[in-house]
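Per my numbering: the sequence shown = residues 398 to 523. Ideal Cβ placement from N, Cα and C applies to all residues, glycine included.
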Amino acid sequence: MSFEQNSSGHTVENQSNQQGAAHVSSSVEGKSQGAQVSKPKKTRRKSVEKTVFNSLPLLRKLSGTATTQQLKSTYEALGEIVSERVAADEEAARIEREQTNLAEQLVAEAKDKGLTLDVLMKVLNK
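1) To the nearest whole angstrom, what separates the beta carbons of L468 and S460, a pair I think is in contact under 8 Å?
2) Identify every run of the alpha helix (DSSP H) within the segment 496-522, keeping only runs that are complete inside it and at least 4 residues long; order them along the chain.
3) Taking a contact to mean a Cβ-Cβ separation below 8 Å, would you say L517 touches A507 in this structure?
4) Taking the continuous alpha helix (DSSP H) assigned at P454, which residues delimit it?
5) Got a sec? Which residues, its chain only, sit under 6 Å from D509 by beta carbon, not counting five neighbours each side?
6) Is A474 near the ligand ATP, in the sense that its beta carbon is under 7 Å from a heavy atom of that ligand?
Structure below.
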C-alpha cells in the first residue's frame, strides 16, 4: 500500500489502492451473496405406488390377513385373467404375422407388375 499526504497534512491511502480495496471488498461481498443462493434441487424419482403386483412384502402382508377361501378365489380369478391375457397376446401376434405375410405378398405382386417401391409408398401415404 502506498500512502500520501493530502493538502491538510494528513496521511491518506493512495487512490489506486483504495479502488483495489473496493474491488476486493465487492468481490468478497459477492461471494457471501453467492453462498446464499440455493443450489438447484435434485430431482426426486417419482414414487411408485406399492401394489400386490410390484411389492412382494405387501402381497405377503395382505395374504397373511386373508382367509384360505379368499386366497383360492383370488388365485382362480388371476388364473382366468392370465389365460385371457395370454390368449389376447397370441391373437395379436397371429394378426401381425398375417398382415406381414399379406404385405410381403403385395410387394411381390407389385414387383412382378413392374411397380417401384417409391410409387407404392406414395400411394400408401395418400
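Quick look at the numbers:
1) For the purposes of this step, residue 468 is taken as the residue at position 71 of the sequence shown. For the purposes of this step, residue 460 is taken as the residue at position 63 of the sequence shown. Contact between L468 and S460 holds: their C-beta atoms lie close to 6 Å from each other, under 8 Å.
2) 514-522
3) As a working note, residue 517 is residue 120 in the sequence shown. As a working note, residue 507 is residue 110 in the sequence shown. Against a cut-off of 8 Å, the Cβ pair of A507 and L517 comes out as a contact.
4) To locate residue 454, count along the sequence shown from 1; it is residue 57. Taken as a continuous stretch (DSSP letters only), the alpha helix (DSSP H) holding P454 covers 453-462.
5) Taking the first residue of the sequence shown as 1, we reach residue 509 at position 112. Around D509: no qualifying Cβ.
6) As far as ligands go, the structure on display features none, and thus does not contain the ligand ATP.
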